[in-house]
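S.K.: Protein chains in written order, with the working numbering: chain E, 757 to 1083; chain F, 312 to 451.
(1) Is residue 792 of chain E helix, strand or coil when you go by DSSP?
(2) Kindly indicate which three-state DSSP category residue 430 of chain F falls into: helix, strand or coil?
(3) Under 9 Å between beta-carbons, which chain F residues line up against residue 1026 of chain E? List them in chain order, please.
(4) Going by C-alpha to C-alpha distance, which of E:964, E:1009, E:1042, E:1077 sits closest to residue 997 of chain E?
(5) Quick check: is the beta carbon of residue 278 of chain F nearer than 8 Å to any beta carbon in chain E?
(6) What residue from E:937, E:936, E:927, E:935 has the CA that sits closest to residue 943 of chain E's CA?
(7) Check whether the Cβ atoms of residue 798 of chain E and residue 429 of chain F lie closer than 8 Å to each other.
(8) Do residue 1029 of chain E and residue 361 of chain F have their C-beta atoms within less than 8 Å of each other?
(9) When you compare the CB of residue 803 of chain E with every CB in chain F, is at least one pair closer than 8 Å?
(10) Could you name each continuous beta strand (DSSP E) segment of 3 residues or more that falls completely within the segment 889-973 of chain E, going from the start of the chain to the end?
(11) Using a Cβ cut-off of 8 Å (strictly closer), state whether residue 933 of chain E contacts chain F.
(12) Would residue 972 of chain E pass as an interface residue toward chain F - the criterion being a Cβ-Cβ separation below 8 Å?
(13) Considering only residues of the segment 982-1046 of chain E, which uninterrupted alpha helix (DSSP H) runs meet the minimum length of 4 residues and lie entirely inside it, listed in chain order?
(14) Checking 8 Å against the spacing of the C-beta atoms, do residue 929 of chain E and residue 894 of chain E come in under that value?
(15) Give the straight-line distance between the Cα atoms of residue 1082 of chain E and residue 788 of chain E, rounded to the nearest whole angstrom.
(16) Counting only the same chain and skipping the five closest in sequence on each side, list residues whose C-beta sits under 6 Å from that of residue 435 of chain F.
(17) Bridge partners for residue 866 of chain E per DSSP, in chain order?
(18) Helix, strand or coil: which one does DSSP assign to residue 978 of chain E?
(19) Give me whichever residues DSSP pairs with residue 1078 of chain E in a beta bridge.
(20) With H, G and I counted as helix, E and B as strand and the rest as coil, what does DSSP make of residue 844 of chain E?
(21) Among the candidates E:978, E:876, E:971, E:806, whose CA atom is the shortest distance from the CA of residue 987 of chain E?
(22) In chain F, which residues lie less than 7 Å from residue 1053 of chain E when you measure between Cβ atoms?
(23) Given that residue 798 of chain E touches chain F, what residues does it touch there, using C-beta distances under 7 Å?
(24) Hey, residue 1015 of chain E and residue 1007 of chain E: beta-carbon distance below 8 Å or not?
(25) Taking residue 888 of chain E as the reference, give the member of E:994, E:1036, E:909 with the closest Cα.
(26) Per DSSP, what kind of secondary structure is residue 435 of chain F in: helix, strand or coil?
(27) Which residue marks the beginning of the beta strand (DSSP E) containing residue 1105 of chain E, and which one marks its end?
(28) Does chain B have any CB closer than 8 Å to the CB of residue 910 of chain E?
(29) What residues from chain F crowd round residue 891 of chain E, counting only those whose CB sits closer than 7 Å?
(30) Which residues of the segment 1011-1022 of chain E have a Cβ closer than 8 Å to any Cβ of chain F? Give them in chain order.
(31) Based on Cα-Cα distance, which residue from E:936, E:1000, E:838 lies nearest to residue 782 of chain E?
(32) Would you mind reading off the limits of the beta strand (DSSP E) that contains residue 857 of chain E?
(33) Applying the 10 Å Cβ sphere with the 16-neighbour rule, what's the burial state of residue 901 of chain E?
(34) Whose CA, out of E:990, E:939, E:975, E:883, lies closest to the CA of residue 1009 of chain E?
(35) Counting Cβ pairs, one atom from each stretch, are 3 or more of them under 8 Å apart for the segment 1042-1052 of chain E and the segment 794-814 of chain E?
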């Protein structure tokens, strides 16, 4: 007996097959070097990931030298600028994170050593503190990300931890403040709910960055949430990892593209990184999944639509910035 | 045969538990696991590591000052019910423990010649900067 399949069902099947064909697994592609800029800076280590301003200068929280400071390396001259708390404050605060605006304003956010207060400090171009913002955070919030915009706003995001009220534990906390620390807006809807009991010792999946227009981009384990400069969610972009065993570890945004940092935890606490590039304004599969040439390393310090990735690379004892354009 | 295999698993689990407790040093109370990525460089090579530390204090803990307790292994594997990952404040305790961890990879920050070169370079470049140059919480 021949069973007739309705035409609409045939179309549905065809559409499904086309969709599945379009969602073929992404292949990891190796980026080719497009330029290699040598600096006179001796090789050094740093915590987490470097940040950059619109001129491509690199900002890091160094693990050498000052442990409680942000170091700026001018990409054109290799000259360092240090943004450190005054000596009388250094023993009273522990640095949590730092933020750099597109124009190069530097902020650090720090907890008092007794964890009672969270304070952000803004620095002038010579590395001196010129402003401070005191945050009145809810009990038990663990800060993960800190962003500052050239529009004069600060964004803190994190999770309610074990010390928070039971009904809040594992929920995300996102709030926008002005430069004095006054709360402007708290995101009512949590971007993610985490089961604290199931959180392993693996890194929490998160990331955040700010666009040139003052929009904020927050990454969690499932999506990128875009907040307008006033802190209102305006768009959510779902994320699918290109392979098993990867963790979302951060993101860059440039010219309508997002580059999501993917971490793979190896043995002995080693981590390797690759990068997935997405179009933020089109509902389409990711544009590509990339890794640097193994000889370069995997430490991206910047991303732009026009110039691709910039990698921190040590060559003969000094720092080189390797550019690798998207293909 | 099956009984022997089961016994083997039980013994292995017990040994693993003892080993984990010895390595980790202490029970990690509620309060959290701190985590950090760190880029290490030495002798022309570079690599990223992921390190964790338990945060808290209490019975059985091994406080290293400031309520920080370090676990050289994945803390949550042994204390999954009460660990919360969070961003680790960089304290002298954490950096000292990082050194221990990094030395396993032949990349000690303190002993690495390239770190010393960088510190001398930075110190010279920042000679006009107020305050003494601090290395992991210690004066150089």
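From the three backbone atoms N, C-alpha and C, an ideal C-beta is built for every residue, glycine too.
M.R.: Well, looking at it:
(1) strand
(2) helix
(3) 358, 359, 360, 361, 416
(4) E:1042
(5) Residue 278 of chain F falls outside the range modelled here, since chain F spans only 312 to 451, and no answer is possible.
(6) E:927
(7) yes
(8) no
(9) yes
(10) 897-904, 909-916, 928-934, 939-942, 963-966
(11) no
(12) no
(13) none
(14) yes
(15) 8 Å
(16) none
(17) E:851, E:875
(18) coil
(19) E:792, E:1067
(20) helix
(21) E:971
(22) 357
(23) 425, 428, 429, 432
(24) yes
(25) E:909
(26) helix
(27) The structure shown does not extend to residue 1105 of chain E, since chain E is modelled only from 757 through 1083, so no value can be given for it.
(28) Included in the structure are the protein chains E and F, with no chain B among them.
(29) Residues of chain F passing the Cβ test: none, with the nearest at roughly 15 Å.
(30) 1019, 1021
(31) E:1000
(32) Careful: residue 857 of chain E lies outside any beta strand (DSSP E) and carries neither H nor E.
(33) buried
(34) E:975
(35) no
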